[in-house]
Each structure stands twice: as structure tokens, then as C-alpha cells.
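Taken in order, these protein sequences are the chains called A and B. Every letter in the first sequence is one number past the one before it in my numbering, and letter 174, counting from 1, is 174. Every letter in the second sequence is one number past the one before it in my numbering, and letter 33, counting from 1, is 1033. One structure below.
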Amino acid sequence: MRIALLEDAPDQSDLLCAWLKAAGHNCRAYALGRDLVREAQRETFDLYMLDWEVPGMSGAEVLLWIRANIAEPVPVLFVTARQREEDIVHALSSGADDYMVKPLGKFELLARIDALARRARPSQRAEEGLLEFARLSVDVRNRRVKLDGRDVAMTQKDYDLAVFLLRNIGRLLSRGHILEAVWGQSADLNTRTVDTHVSRIRGKLQLTPENGWRLSAVYQHGYRLERIAAIEP
Amino acid sequence: MPDKLVDAVDAEVAALVPRFLANRAADVGKIRAALAGADFEAIRVAAHGMKGGGGAYGFPEISRLGAAMEEGARQRDAAAIAELLASLDAYLGRIEVKQG
């Protein structure tokens, strides 16, 4: 998962990101609420982890911004040393999906993140072996894609990109998000790479309106793959 | 009380521990200065951060002392804060980190 972390204490952000990365997640840390908000306007994330007390725009204010401005219901986990009942009630009532009181336990944190991910995107579960659509099917365990029952030859990255999009149908995904998920966080690639591969899989998998798909580029944001009623040519 | 406290830490945390402990030692100086200036809000903020961080790094005593100092700052209890600060300083001086 691609996780945005709001935490102004470098000791804490480094530790939490170390835990998340060791568990296979990508972690982008922001010390200021306004920096996270600015990034969230052009990038997409799978989950937000917010501390409450940060300078300037607080975690609670960032939460309100997320719920007011990001259409997709991205999970939000509050991680804060505030532990009064009224604080917990305030955060959950304002739209947080879960709340953990610091000091955090690593394994509990990772388990709660997994639980939020399961509820938010059940189709993205790694153990799901088969993705099936009308003419298209993906055997994830064996890395095979079939169109109308026939194997489609794909490069590794085209396959990974296709699966990522098919597991996130309906979601707007920024180019940065796609790059991290498919090519890895340290990939030193131009975001045009994403455009090239998206174009290729659109053709190979016939992800077109005639076949009940809309794979659209959202200006200055990224891509969204949607299922639609097939349009007669 | 043992002469040396030995705390085991995970490998992924080990590289971060020295800076964490150095920052806590710096907090002792900051809180001492804030106490001299009766700046209880500065003490509360530093203690709040300590409360949230210590346990995650494998030092629950730091979280405990941070929580107590945060409450002391809320109560504007300089004497209690001074005593807790001395405990924190002594604790930090006895830590020996062993990779778990």
C-alpha cells in the first residue's frame, strides 16, 4: 500500500516508515499538514496515517480536508498520543476509520492497516487468485492473462500494471502511485513510462468502451479504469 | 536497580536508536531551560512527544516519564517535573542498547 504519514517528529516518522517499508508498504512522510494536503491534491494514496498535534494545520484539520476534498473514501488511521475519550470520539466522528494511541506497537499497527485495507478494497487482496471479467480473466497465481479464452503475451511490467489497475477499478490513481506500485519506490523513471505502458495494455487487453471498459487519463492526475456498459461501435 | 539497563531492539529500529536517544538527551536540556522560564507549554509539547515515542522504540520508561511530565506541565507542577526530569536523565545515562 501507498501510505501518507503526517508526523512532525523525525524520530517517529523514521520509525513508522521503517516498520511500514519492512512490511512491504510505501511510506511518504510529511511533517506539516499543508504539505500533505498539497501533495494529496495531485497524488493518490491507499491510506492516510495522521498524527494530531503537528505545527500549523493539525491532523484533525487535515482529516476534515481529506473527507471534504477526496471523493474516494480512502481509509484514515489516526496515530496520536492523545488518549482522552473526547479526542477519540472527535476523530472518529470527523471521519477517521480507526484510532491508535501512542506509543504504538508495530504488529498491532500493521494488523490494523491490513484490516483497513481489507475493508476498503477487498478486490486488492493478494490471496485472490483469479480476477474475472466478461471477456478478460487473470490467473494471478500463474501470472496468466486471457482474452476470450486465449493467452495474452505480456511483459512483466505490463502484466503488473494490468493487475494493479484491475484490482483498483473505479479509483483515480496518480502516475506516481502507479510508478511506486508497479516499478517500486526507488524507480528512477519518468512518469511518461506509465503513459507508454497504459497505452500498451489498453490495446493488448482491449480496454475500450466497446468492450465495457473506460481507461481514462485524468489531466494532471493519473488514470482511472472503470467498468461501463458496452458501447456499440 | 541494575547498573546498566539493556534494551533489545529490532534490527530495523537499531540504526534509528542512537539519534532517538540523543534527541531525548537534548529534550532534558530543553525541558530544564523551559522549567527555568516557567514555560509549561514547551514542557508539555516535549513531554507529549516523548510519551508517544519511547515505547515504540522499545523504551517504555521514556513513554511513562513523558506522560507524567506532560501531566505535570498541565498542572504547572515544577517540582514534580524537576523530579521526573532527574529520573529521565538518570535513565538515559544507564541505557545500553543491545540488538535483539
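For glycine and all other residues, C-beta sits at the position ideal for the given N, C-alpha and C.
Residue state for residue 213 (chain A) is assigned as strand, using DSSP reduced to three classes. Flagged as an interface residue toward chain B: residue 9 (chain A), by a C-beta distance shorter than 8 Å. Secondary structure of residue 93 (chain A) (DSSP, three-state): helix. In this chain, the alpha helix (DSSP H) harbouring residue 1045 (chain B) covers 1040-1053.
The C-beta distance from residue 76 (chain A) to residue 95 (chain A) rounds to 7 Å, short enough to fall under 8 Å. Residue range 106-120 is occupied by the alpha helix (DSSP H) that includes residue 106 (chain A). Under the 8 Å criterion on CB atoms, residue 103 (chain A) is classed as interfacial with respect to chain B. For residue 1023 (chain B), the three-state secondary structure derived from DSSP is helix. The closest CA to that of residue 1030 (chain B), considering only B:1093, B:1050, B:1018, B:1015, is found on B:1050. The count of Cβ pairs closer than 8 Å, one atom from the segment 82-91 of chain A and one from the segment 46-55 of chain A, reaches three, so the stretches are in contact. Think of a sphere of 7 Å around the beta carbon of residue 14 (chain A): the chain B residues whose beta carbon falls inside it are 1016, in chain order. Interface with chain B (8 Å Cβ-Cβ cutoff): residue 22 (chain A) is included. Residues 56 of the same chain have their beta carbon placed closer than 6 Å to that of residue 32 (chain A), with the five preceding and five following residues left out of the count.
Taking C-alpha positions only, residue 22 (chain A) is separated from residue 1012 (chain B) by approximately 8 Å. With fewer than 16 other CB atoms across the displayed protein chains lying within 10 angstroms of its CB, residue 38 (chain A) is exposed.
Taking 9 Å as the cut-off between beta carbons, the residues of the segment 47-76 of chain A near chain B are 51, 53, in sequence order. In terms of beta-carbon proximity, residue 81 (chain A) lines the interface with chain B, with at least one pair separated by less than 8 Å.
Looking at the DSSP output, residue 11 (chain A) shares a beta bridge with no other residue. Identification of chain A residues near residue 1051 (chain B) by a Cβ-Cβ cut-off of 8 Å yields 81, 102, 103, ordered along the chain. Residue 1054 (chain B) and residue 192 (chain A) have their alpha carbons spaced roughly 43 Å apart.
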